[in-house]
Amino acid sequence: MARLYATCHGVYRLTVNGKRPDDREFAPECTVYREYLCYQTYDVTELLNTGINIIGMHVGDGWYHGFMTKAQDETYDPALAVLTQLEVTYEDGTADCFGSDETVKVKESPVRCSDLFAGERYDANRMPYGWESAEFIDDEWLDVVPADFGYQNLKAQYGQPVRPIMILPVKNVLTSPKGERIIDFGQVIAGRVRLNIHEPSGTKVTVIHTEGLDAKGNFFDNNPTADQRIEYISDGNEQVYEPYFTFQGFRYVLVDGIKDLNEEDITAVVLSSEKENAGTFACSNADINRLYENTRWSQHANMLSLPTDCPQREKAGWTGDIQVYTKTALLNEDITPFLTRWLENLACEQKENGSVPFVVPLAGAYIGQYEMYAEQFKTPEAVSPAGWGDAAVLVPFYMYCLTGNMQILKQQYESMKNWCDFVLRTARENRPDGSMIPEEVEQYLWNTGHHYGEHLIPSYSRDGYGEGTFEAIRVSTKYVAPIYGYHSVSSMSEIARVLGNDGDADYYGEMAQNMKAAIQKGVIDEKGNMPADLMGAYAMPLFYRLVPENLKQTFAENLVRKIEENDGCLDVGFLGIPVLQDALCRIDRRDLAYDLLFNEKAPSWLYEVKHGATTIWESWFALDEDGAPFISEIYGMPFCMSLNHYAFGCVDDWMFRNINGINYEEPGFKKIRIQPQPDDRLDWAKRTFKSAYGEIVSEWEKKDGNFELFVKIPCNTTAVIVLPDGQRFERGSGAYRFRTDSSDAR
1 MARLYATCHG
11 VYRLTVNGKR
21 PDDREFAPEC
31 TVYREYLCYQ
41 TYDVTELLNT
51 GINIIGMHVG
61 DGWYHGFMTK
71 AQDETYDPAL
81 AVLTQLEVTY
91 EDGTADCFGS
101 DETVKVKESP
111 VRCSDLFAGE
121 RYDANRMPYG
131 WESAEFIDDE
141 WLDVVPADFG
151 YQNLKAQYGQ
161 PVRPIMILPV
171 KNVLTSPKGE
181 RIIDFGQVIA
191 GRVRLNIHEP
201 SGTKVTVIHT
211 EGLDAKGNFF
221 DNNPTADQRI
231 EYISDGNEQV
241 YEPYFTFQGF
251 RYVLVDGIKD
261 LNEEDITAVV
271 LSSEKENAGT
281 FACSNADINR
291 LYENTRWSQH
301 ANMLSLPTDC
311 PQREKAGWTG
321 DIQVYTKTAL
331 LNEDITPFLT
341 RWLENLACEQ
351 KENGSVPFVV
361 PLAGAYIGQY
371 EMYAEQFKTP
381 EAVSPAGWGD
391 AAVLVPFYMY
401 CLTGNMQILK
411 QQYESMKNWC
421 DFVLRTAREN
431 RPDGSMIPEE
441 VEQYLWNTGH
451 HYGEHLIPSY
461 SRDGYGEGTF
471 EAIRVSTKYV
481 APIYGYHSVS
491 SMSEIARVLG
501 NDGDADYYGE
511 MAQNMKAAIQ
521 KGVIDEKGNM
531 PADLMGAYAM
541 PLFYRLVPEN
551 LKQTFAENLV
561 RKIEENDGCL
571 DVGFLGIPVL
581 QDALCRIDRR
591 DLAYDLLFNE
601 KAPSWLYEVK
611 HGATTIWESW
621 FALDEDGAPF
631 ISEIYGMPFC
641 MSLNHYAFGC
651 VDDWMFRNIN
661 GINYEEPGFK
671 KIRIQPQPDD
681 RLDWAKRTFK
691 SAYGEIVSEW
701 EKKDGNFELF
711 VKIPCNTTAV
721 IVLPDGQRFE
731 RGSGAYRFRT
741 DSSDAR
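Take the sequence shown: its position 54, counting from 1, is numbered 54 in UniProt numbering, and each next residue is one higher.
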């Protein structure tokens, strides 16, 4: 038996005697390297020969030393490095161990440059053919420089590796008005192309990637801040080329340099962290089905080693995006190991004062941004935006709610406490300039520092990240930060109670009640007015049950009024979207919640679908009515909205609980509630979900004036089933059918 352990500073592709032991990509992936560097374990028993064996590694910059990190980051040593250890146990029981040392040889590879943002340049003429064989003479190769980085930060690989999960053929070959020959794969993805190239030596083949075309159908680079380009220099031999150490966000490509490109010579390789499918959904409305698929595709694209905002522009672990999306993500795929590793890295990045950066891992230009905000607000405590830093508490809490697994709460407990203590201390010690709120109230309001507010409220953000967006941040922060502070602290009380830490549960419970009272006095005025007359300003207090009893009707009327004033469209940002429809259900306006779902005008989910979206957009206005991409300017650079951001796809969580009515009555679905709330615009719907106990199914159909429901309840669980006419049933595991005209199941 033989096992090979490997890692590097950078990213690597491993071979043993010229063969790859598996198909993982970008190992050791993206982590907080100074504290958390993963090593990978390979069973290479079948790859070894008797005698000399060759371990080969292609190494690239990756997250460790790519453009993303070296912009302003001096955290990591600029030199790339490798570490391997081969352990062999022979048939007689003896063993040998071979570690990487000064005998390792190194040479520049055909990969002339490769970057997650700047693409890749590959020169096939520089390939030292046969280098992975024992017969190869490496006299011209250089000796490595041994280095001692210590082993304290080494961790065994945890979480699913990045792999190719799908291969897409060409869907269309388009000729643009400019005469460009555009390859269309029919789907926005994160991945790369695979090319069959047979061109004369010295021929340069260039591939440029984009997510969308302009309104006329011409090729349009919707990501001018990153060079989504690959180049291949032919050596005259036929080759199948696929970039080693980069990936792009794209649907369309332009290929230059191949004289006669056949459709079968190019495919798109979809990359994502490998995850097990957790559920399915289909209904009678094709547009809603497409919305669901768009959500899943955005999830594939933005869960590549870490939960990112987008796969083309930033590729960064923005904490707010995954915070609002975690519940939906878990309904689609089993991402528990994936998020567990990311949360461990969040704890690594958490500051001594408990604050959490807005990006995890924090690297490159984001360090400069972090320091800029700290200087602007004269305190490092200012750089943990509400809804972003709260991921420290809410992501593990949501994971527990949907899986019932308490281990994640135990693992992250100190991190969660530290975050809540940071929020409480910041509220207690910092006071907004000019505040007229009494001190006994002010001390429980988290309302200072740098925040993003709701982020991208449509009525303020038609100019992208222009002045309107920054004004929305200013006005919405006044309610977003106090409410999210309360949400985390109250959730912390529940978490402590679950783990049997009653002292902490009582303390955070008391603090949450004080924060609630402060919001009712210092954020909501006595007439029910909020700091801003915004849709989210009414939806968030309603959802989090913060509205005084005597003002609930006022809030309900104001929420409905804001929707009517906005021509029946939504007008909330990242942090408002997860609660808007539930807030409407709380005030018995599920009809309006469904209206928002089925709306086809911008801003809406189906506006995107009707305009050809195959993923979830960053902005509802990313394309106008004519299909023209929105272009603005930020920090002096041209800027386009991403067409692949999963945050607004969190609507799928509401669909799960309302269209098919599946919800947990006990964490992890030990006790289940199935209560479909069908809308007249749907004739049937089916949802499946693989809980920790097994598959849950809710499938209904309107037939001959009746409502027929089929449910499947997994072993070791019980369920409450409520039909639209109010009939209520309790059942154990098994499969059941119900009708609205029957008082029993069969």
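The beta-carbon is built from N, C-alpha and C at its ideal position, and this holds for glycine as well.
Considering only Val395, Gly320, Asp22 and Asn17, the residue with the shortest C-alpha distance to leucine 47 is Asn17. Here asparagine 663 carries a strand assignment [DSSP, helix/strand/coil]. By the Cβ test, the segment 641 to 650 is in contact with the segment 324 to 333, since at least three Cβ pairs between them sit closer than 8 Å.
Glycine 468 and aspartate 567 have their C-alpha atoms spaced approximately 20 Å apart. Inclusion of leucine 339 and serine 491 in the CB contact set at 8 Å is not warranted, their separation being larger than that value.
Boundaries of the alpha helix (DSSP H) around leucine 346: 336 to 349. Contact between valine 44 and alanine 2 holds: CB atoms are separated by about 5 Å, below the 8 Å threshold. For phenylalanine 67, same chain residues with a beta-carbon under 6 Å away, outside a window of 5 residues either side, are Asp115, Phe117 and Ala118 in chain order. With the rule of 3 Cβ pairs closer than 8 Å, the segment 161 to 169 does not count as touching the segment 332 to 350.
Annotation for phenylalanine 707: Pro724 and Thr740 place their beta carbon closer than 6 Å to its own, counting only its chain and skipping 5 residues before and after. Exclusion of the five residues before and after glutamate 180 leaves Asn218, Phe219 and Leu254 as the residues of its chain whose Cβ lies within less than 7 Å of its Cβ.
In the structure shown, leucine 409 adopts helical secondary structure according to DSSP, grouped into three states.
Around lysine 478, the same chain offers Pro531 as residues with beta carbons nearer than 6 Å, after the five sequence neighbours per side are excluded.
Per DSSP, the continuous beta strand (DSSP E) segment holding histidine 58 begins and ends at 55 to 60. By the C-beta criterion, the segment 568 to 580 is judged to be in contact with the segment 531 to 547, since at least 3 inter-stretch pairs fall below 8 Å. Here DSSP, grouped into helix, strand and coil, assigns phenylalanine 149 to coil. The beta carbon of glutamate 242 sits closer than 8 Å to those of Arg192, Val193, Arg194, Leu195 and Val269, all from its chain and outside the five residues before and after it, given in chain order.
Per the coordinates, the alpha-carbon of lysine 178 lies some 37 Å from the alpha-carbon of phenylalanine 26. When the Cα atoms are used, glutamine 411 and glycine 320 turn out to be separated by approximately 21 Å. Inter-residue distance for serine 272 and proline 21 is about 19 Å (C-alpha atoms, whole angstroms). Residue pairing by DSSP puts valine 173 in a beta bridge opposite Ile183. Shown here for proline 482: same chain residues with a beta carbon closer than 6 Å to its own, the five before and five after excluded, namely Leu445, Trp446, Asn447, Ile519 and Val523 in chain order. With 16 or more other Cβ atoms inside 10 Å of its own Cβ, tyrosine 370 counts as buried.
By the beta-carbon neighbour count (other beta carbons within 10 angstroms, threshold 16), serine 298 is buried.
Bridge pairing for glutamate 471: absent [DSSP]. In the three-state reduction of the DSSP assignment, phenylalanine 219 falls in the strand class. In this structure, the straight-line span from the alpha carbon of arginine 545 to that of isoleucine 408 is close to 27 Å.
Excluding the 5 residues flanking it on each side, threonine 426 has same chain C-beta neighbours closer than 7 Å at Glu381, Trp446, Thr448 and Gly449, in chain order. Contact annotation: the segment 276 to 295 does not touch the segment 345 to 356, with fewer than three C-beta pairs closer than 8 Å. In terms of Cβ geometry, glutamate 211 and lysine 275 do not form a close pair [threshold 8 Å].
In the three-state DSSP reduction, lysine 105 falls in the strand class (E or B).
In this structure, glutamine 157 and cysteine 38 form a Cβ contact; the two beta carbons are roughly 5 Å apart against a cut-off of 8 Å. One thing to note: threonine 615 has its Cβ within 8 Å of the Cβ of leucine 643.
Its chain contains Leu542 as the residues whose beta carbon lies nearer than 6 Å to that of arginine 586, once the 5 sequence neighbours on both sides are disregarded; these appear in chain order.
For alanine 81, the secondary structure class from DSSP, reduced to helix, strand or coil, is strand. A straight-line Cα-Cα distance of about 59 Å links leucine 551 and glutamate 120.
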